[in-house]
């Protein structure tokens, strides 16, 4: 299935999605109505209701995306498919644990740095000045993932930019300058 950026991915109780290409934002709405960023799924990563117990779980494409939908029955019937999906689930689990570890950091600047490093290492594209993030997350979305405020994320990104740790390119994408190109 092809979905343009900004579209909601339909989630079903017994179906998994695999990202063929593109980027999907995984989130939820808290009991207080706040939007929460739970993670991201990029190429060869999986998501769906069978992998989550979170209420009000949602998936929204951040970029134009091609997605493959499969039932849990199809996964059980194919050993090759099950093995491939295991690798995809491991990637999502690793990302989730890393995001949780960031919440244990006292300094918000360290959380923001760690979050941007995760995105750059997992999804960044090499460019002249470092690793470019071809996805757009708002400061509010980053703040919700890092348990802080939008104002604080904006301030920290300004500080990181001032010290040369990151740049913003001509297309308004973040470039993490201190990481080696892949």
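Numbering (my numbering), first residue to last: 28 to 209.
Glycine included, every Cβ here is placed at the ideal spot set by N, Cα and C.
Note to self: Let me make sure I understand the geometry here. Which of 54, 47, 170, 95 has the alpha-carbon closest to that of residue 80?
What the structure shows: 54
Next item on the list: Could you tell me the boundaries of the alpha helix (DSSP H) in which residue 198 lies?
Entry: From DSSP, residue 198 is part of no alpha helix (DSSP H); its letter is neither H nor E.
Notebook entry, point to check: Does the region 104-113 come within contact of the region 48-62, defined as at least 3 CB pairs closer than 8 Å?
Noted result: no
Item checked: Three-state secondary structure (DSSP) of residue 149 -> helix
Notebook entry, point to check: How about the region 140-149 and the region 31-41: do they share at least three Cβ pairs that are nearer than 8 Å?
Noted result: no
Notebook entry, point to check: Applying the criterion that 16 or more other CB atoms from any shown protein chain within 10 Å of the CB defines a buried residue, is residue 51 buried or exposed?
Noted result: buried
Notebook entry, point to check: Given that a residue counts as buried once 16 or more other Cβ atoms are within 10 Å of its Cβ, and exposed if not, what is residue 98?
Noted result: exposed
Check: Can at least three beta-carbon pairs, one atom from the region 32-46 and one from the region 70-77, be found at a separation below 8 Å?
Finding: yes
Check: What is the C-beta distance between residue 86 and residue 126, in whole angstroms, given that I count them as a contact (C-beta under 8 Å)?
Finding: The pair is not a contact, with the Cβ atoms about 16 Å apart (cut-off 8 Å).
Next item on the list: Assign residue 123 to one of two classes, buried (16 or more other C-beta atoms within 10 Å of its C-beta) or exposed (fewer than that).
Entry: exposed
Checklist line | Every unbroken alpha helix (DSSP H) inside the region 76-135 [4 residues or more] | finding: 99-104, 106-130
Check: Below 8 Å, can you find three or more Cβ-Cβ pairs linking the region 109-124 to the region 87-94?
Finding: no
Check: Which whole-angstrom value describes the C-beta separation of residue 94 and residue 36, a residue pair presumed to lie in contact below a C-beta threshold of 8 Å?
Finding: 7 Å
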